[in-house]
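Working notes for the structure below.
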Amino acid sequence: MDILQTYGFTLIVVAALVGFLMAWGIGANDVANAMGTSVGSKALTIKQAILIAMVFEFAGAYLAGGEVTSTIRKGILDSSYFIDSPELLVYGMISALLAAGIWLGFASYLGWPVSTTHSIVGALVGFAAVGVSADAVAWNKVGGIVGSWVITPAISGFIAFLIFQSAQKLIFDTDKPFNNAKRYVPFYMAAAGFVMSLVTIKKGLKHVGFEIGAAEGYYVSIAIAILVGIIGKYAINRIKYDEKADKRTHFANVEKVFAILMVVTACCMAFAHGSNDVANAIGPLAAVVSIIHNDGEITSKAGLVWWILPLGGLGIVAGLALFGHRVIATIGNGITHLTPSRGFAAELAAACTVVIASGTGLPISTTQTLVGAVLGVGMARGIAAINLGVVRNIVVSWVVTLPAGAGLSILFFFVLKGIFAP
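So the sequence shown is numbered by this note's numbering: it starts at 1 and just counts up by one.
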């Protein structure tokens, strides 16, 4: 306890720096989930994508990041093991943020889309299991996260496959693709409006204290879907085109419609991501500040000091602006060739999977969800359409993420303990 009183301010400053590093890593790596398909399909340029993501990610993180956050993310650790020595939890949280931040920076430099959630979870498990006690870790939760490596990409890939195949059969493989686009695209728009509304309500607005019940959330989303469908039908009917033009021109016009739709879905995903995943950076930081301010008392929820959310939001924006283009290139161009319609199918499938996971309590990584969706779109065109070398590197990076975060965290934990322990 005396250690926390003596070094409290120093520990908070160190935690703020490594929390910023972790947020920077989230921006560099995870934000590509929202924008990678838009850039790869040429719906947006890289500069436009980064500017849009900076606005919506920061808005999500700052406006909807929450007034309180779970002290221990995802319930991975048992706080009772730290009651007699809360300084160990402080060292551990700082070590976990530093470890996850460094791993995310390294992965982003190589263009690997890894999970920020799994990075911080691996780091938390590492310091707790080795530095405190193996019993301090909720291993069943860790098992669920490992299981999500297979389950979530499979679900999103299957949904993306179905969405893309339906667009092929209803629109692209017909004699008059643009006429059929005018008929069916409003339904895709309505579906996007419905799913994106649910994502924003479940993942975004709940953090603002703007709680909407499950039934009300669905009613609001259905109303938005109908409105979006009507507006979409009106907008598409206004597009002038030459019916005698060749099929390629019709395809180009259809893709333009999907490109506009993709920009809207990308903005919603960026807002929801900012509001949800900023907690990976600010949760451990808020825990450190809370423990020190409360003289070593560990609570299940920590209130946020005024400067924590802006720090997380700025970190995400800085990481995105400086390093985001590398992972965006992998998602957008590395796995398979994307067009706006394919990118839209992947984005919508990822959003559907997020909604399914929220409703069932399935542990989920937005990164793995989107990679699975892009793979599903590629599979719809045959295995030859997928760059298997890139996919292999991505899967290896997923497997390495938990042990990499754990190993670094253990190292930093014992270094901090050596520095601050009497």
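Even glycine gets a Cβ: it sits at the ideal position worked out from N, Cα and C.
Rounded straight-line distance, which links the Cα of residue j to that of residue i
| i | j | result |
| --- | --- | --- |
| Ala270 | Ala351 | 11 Å |
| Gly387 | Pro310 | For clarity, residue 387 is Asn in the given sequence; the question names Gly instead. So the two alpha carbons sit approximately 39 Å from each other. |
| Pro113 | Tyr234 | 38 Å |
| Phe414 | Ile383 | 47 Å |
| Trp149 | Asp2 | 42 Å |
| Ala154 | Leu411 | 35 Å |
| Ala43 | Gly332 | 11 Å |
| Arg248 | Thr200 | 36 Å |
| Ala129 | Cys268 | 38 Å |
| Leu304 | Glu255 | 44 Å |
| Phe323 | His337 | 22 Å |
| Ser300 | Trp306 | 19 Å |
| Pro403 | Ser80 | 25 Å |
| Phe420 | Gly407 | 20 Å |
| Tyr219 | Gly213 | 10 Å |
| Val146 | Ala134 | 18 Å |
| Ala215 | Leu110 | 43 Å |
| Thr10 | Gly296 | 15 Å |
| Leu51 | Leu314 | 13 Å |
| Gly8 | Ala318 | 27 Å |
| Thr360 | Ala272 | 18 Å |
| Leu84 | Ile308 | Per the sequence shown, residue 84 should be read as Asp rather than Leu. Between Asp84 and Ile308, the C-alpha separation is close to 27 Å. |
| Lys47 | His325 | 9 Å |
| Ile260 | Asp175 | 24 Å |
8 Å Cβ cutoff met for residue i and residue j
| i | j | result |
| --- | --- | --- |
| Val391 | Ala346 | no |
| Ile291 | Ile282 | no |
| Thr369 | Val354 | yes |
| Gly389 | Ala100 | no |
| Thr117 | Gly372 | no |
| Pro177 | Phe251 | yes |
| Ala49 | Ser108 | no |
| Thr401 | Trp103 | yes |
| Ile316 | Ala59 | no |
| Ala385 | Gln165 | no |
| Gly274 | Phe20 | no |
| Ala190 | Ile239 | no |
| Ile76 | Val142 | yes |
| Ser156 | Thr367 | no |
| Asp424 | Ile26 | Because the chain in this structure spans residues 1 to 422, residue 424 falls outside the shown range and cannot be described. |
| Asp78 | Ala136 | yes |
| Leu4 | Pro86 | yes |
| Ile224 | Phe194 | yes |
| Asn280 | Met22 | yes |
Contacting residues, own chain, Cβ-Cβ under 8 Å from residue i (five flanking each side not counted)
| i | result |
| --- | --- |
| Phe187 | Gly229 |
| Ala15 | Val90, Met93, Ile94, Leu97, Pro284, Leu285, Val288 and Val289 |
| Leu88 | Phe82, Gly131, Val132 and Lys417 |
| Ile426 | Residue 426 is absent from the model: the chain starts at 1 and stops at 422. |
| Thr265 | Ala192, Met196, Phe344, Glu347, Leu348 and Ala351 |
| Gly334 | Gly111, Asn387 and Val390 |
| Asn253 | Phe178, Ala181, Ile239 and Tyr241 |
| Val399 | Trp149 |
Close Cβ partners of residue i (< 7 Å) along its chain, the five nearest in sequence each way excluded
| i | result |
| --- | --- |
| Leu170 | Asn180 and Tyr184 |
| Ala96 | Ile120, Ala123, Leu124, Phe127, Pro284 and Ser409 |
| Ala53 | Val31, Ala34, Met35, Ala270 and Leu320 |
| Phe258 | Pro340, Ser341 and Phe344 |
| Ile394 | Trp112, Pro113 and Val371 |
| Leu198 | Gly217, Ser221 and Val355 |
| Ile163 | Ala345, Leu348 and Ala349 |
| Ser397 | Ala107, Trp112 and Val114 |
| Phe158 | Gly376 |
Own chain partners of residue i with C-beta closer than 6 Å, once the 5 adjacent residues on each side are dropped
| i | result |
| --- | --- |
| Gly343 | Thr37, Ser41 and Met262 |
| Ala160 | Ala345, Ala346, Ala349, Ala373, Gly376 and Val377 |
| Ala167 | Ser341 |
| Gly312 | Ala23, Ala61, Val278, Ala281 and Ile282 |
| Ala357 | Ile364 |
Where residue i falls, given that 16 or more other Cβ within 10 Å makes a residue buried
| i | result |
| --- | --- |
| Ser365 | buried |
| Trp139 | exposed |
| Ala45 | For the record, residue 45 in the displayed sequence is Thr; it is not Ala. Exposed, by the Cβ-count rule. |
| Val327 | buried |
| Thr6 | exposed |
| Lys182 | buried |
| Val39 | buried |
Secondary structure, beta strand (DSSP E): runs of 3+ residues fully inside the region 7-88: Listed in chain order, the complete beta strand (DSSP E) runs (minimum 3 residues) inside the region 7-88 are 68-70.
What are the uninterrupted segments assigned as alpha helix (DSSP H) that are 4 or more residues long and contained completely in the region 292-358, given in chain order? 308-329
Length-filtered (4 minimum) alpha helix (DSSP H) runs lying within the region 157-219: 177-199
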